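Colleague:
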Amino acid sequence: EAAVTQSPRNKVAVTGGKVTLSCNQTNNHNNMYWYRQDTGHGLRLIHYSYGAGSTEKGDIPDGYKASRPSQENFSLILELATPSQTSVYFCASGDAGGSSYEQYFGPGTRLTVL
Amino acid sequence: QQKVQQSPESLIVPEGGMASLNCTSSDRNVDYFWWYRQHSGKSPKMLMSIFSNGEKEEGRFTVHLNKASLHTSLHIRDSQPSDSALYLCAASKASSFSKLVFGQGTSLSVVP
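Protein chains in written order, with the working numbering: chain Y, 510 to 623; chain P, 3 to 114.
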């Protein structure tokens, strides 16, 4: 089964601080995604990537940066964390497409910004 | 911005009953739909996908798609307490197949 891991699993940060969330996948998938999940909003796409060196803005990119240094790793960076960024963050990976296309999600990171 | 709307927000069904969940896209360019299930405290996992008009059945789960109305529905027969979860509908366009837009979810509780 596809494997996506995230670190840290829980993080408490201070307002104005820098936060880096990391994601690793061992599926050799080209595509990787960062979502946040808040009650009443489902999953919202922040940034995504089609391969090493590429990043694309999702639907809610403001206040976030992303980095894809390799096929396996995709990071989400909050340069100046704010309380409104308190949320659960999920990383996912998926292959290029096709009738059996599926995104595989990591276990999530719970971020609290005080 | 493309929106995916799910209804109802929450649903309670008795064990052994039928659960029916709905999902509609506001974007006429949407072509593909997925259903994901997320148990409490866990990550979402894909349940089923449907890309063509009609019906698709996998065990106790049946998905319908009407492309003209951009509406999909998920039906769970003989519901079990283990089916209690958040059900997320997702949609994408042919121009950006792998970029999914998720709805807000339907919380299903199956009570004994």
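Ideal Cβ placement from N, Cα and C applies to all residues, glycine included. If you're wondering where the values come from, they're calculated on a predicted model, not measured in any experiment.
Rounded to a whole number of angstroms, what is the C-alpha to C-alpha distance between S42/P and T108/P?
Modeller: Within the second sequence, numbered from 1, the residue matching residue 42/P stands at position 40. Within the second sequence, numbered from 1, the residue matching residue 108/P stands at position 106. Cα to Cα, S42/P sits roughly 13 Å from T108/P.
Colleague: Go to Q546/Y, then tell me how far its beta strand (DSSP E) extends in each direction, as first and last residue.
Modeller: The residue given as residue 546/Y occupies position 37 in the first sequence. Here the beta strand (DSSP E) through Q546/Y covers 540-547.
Colleague: Should P578/Y be labelled buried (16 or more other beta-carbon atoms within 10 Å of its own) or exposed?
Modeller: To locate residue 578/Y, count along the first sequence from 1; it is residue 69. It is exposed - the Cβ of P578/Y has fewer than 16 other Cβ atoms within 10 Å.
Colleague: Quick one: residues in its chain with C-beta nearer than 6 Å to the C-beta of N31/P, no 5 flanking neighbours on either side, listed in chain order?
Modeller: Counted from its first residue, the second sequence places residue 31/P at position 29. K95, listed in sequence order.
Colleague: Give the secondary structure of S9/P by DSSP, where H, G and I count as helix, E and B as strand, and everything else as coil.
Modeller: Working through the second sequence from its first residue, we reach residue 9/P at position 7. Correct three-state label for S9/P: strand.
Colleague: Hey, does G61/P have any beta-carbon neighbour from chain Y nearer than 7 Å?
Modeller: Walking along the second sequence from the start, residue 61/P turns up at place 59. No, no contact with chain Y.
Colleague: From the DSSP output, in three-state form, read off Q106/P for me.
Modeller: Start at 1 with the first residue of the second sequence, and residue 106/P comes out as number 104. Note: Q106/P maps to coil in three-state DSSP.
Colleague: Assign Q534/Y to one of three DSSP states: helix, strand, or coil.
Modeller: Residue 534/Y sits at position 25 when you count from the first residue of the first sequence. Three-state result, Q534/Y: strand.
Colleague: Between the C-alpha atoms of N540/Y and S98/P, what's the straight-line distance to the nearest angstrom?
Modeller: Locating residue 540/Y in the first sequence gives position 31, counting from the first residue. Locating residue 98/P in the second sequence gives position 96, counting from the first residue. Answer to the nearest angstrom: the Cα atoms are 12 Å apart.
Colleague: Let's test the definition: count the other Cβ atoms within 10 Å of the Cβ of S27/P and tell me whether it reaches 16, buried, or not, exposed.
Modeller: Stepping through the second sequence from its first residue, residue 27/P is reached at position 25. With 16 or more Cβ atoms within 10 Å of its Cβ, S27/P is classed as buried.
Colleague: Assess, as a yes-or-no matter, whether the stretch 510-523 of chain Y is touched by the stretch 593-613 of chain Y under the definition of 3 or more beta carbon pairs within less than 8 Å.
Modeller: With a cut-off of 8 Å, the stretch 510-523 of chain Y and the stretch 593-613 of chain Y count as touching, because enough Cβ pairs lie within range.
Colleague: By Cβ distance below 6 Å, which residues in the same chain neighbour V15/P in space, the five residues on each side in sequence not counted?
Modeller: Sequence index remark: in the second sequence, residue 15/P carries index 13 (1-based). The answer, listed in chain order, is A21, S81, V112.
Colleague: At 8 Å on the CB atoms, spell out the chain Y contacts of G19/P, in chain order.
Modeller: Along the second sequence, read from residue 1 onward, the residue named residue 19/P stands at position 17. Residues of chain Y passing the Cβ test: none, with the nearest at roughly 25 Å.
Colleague: Please list the residues of the stretch 575-600 of chain Y that have a C-beta atom closer than 7 Å to any C-beta atom in chain P, keeping them in chain order.
Modeller: Those would be F599, in chain order.
Colleague: According to DSSP, simplified to helix, strand and coil, what is S22/P?
Modeller: Translated into positions along the second sequence, residue 22/P becomes position 20. Strand at S22/P.
Colleague: To which residues of the same chain is S48/P closer than 7 Å at the C-beta, ignoring the five residues directly before and after it?
Modeller: In the second sequence, residue 48/P corresponds to position 46, counting from 1. Rather than Ser, the amino acid found at residue 48/P in this sequence is Met. Excluding positions up to five away in sequence, the list reads W36, Y38.
Colleague: Quick check on DSSP: helix, strand or coil for D85/P?
Modeller: Position 83 of the second sequence, counting from 1, holds the residue named residue 85/P. Reduced to three states, the DSSP call for D85/P is helix.
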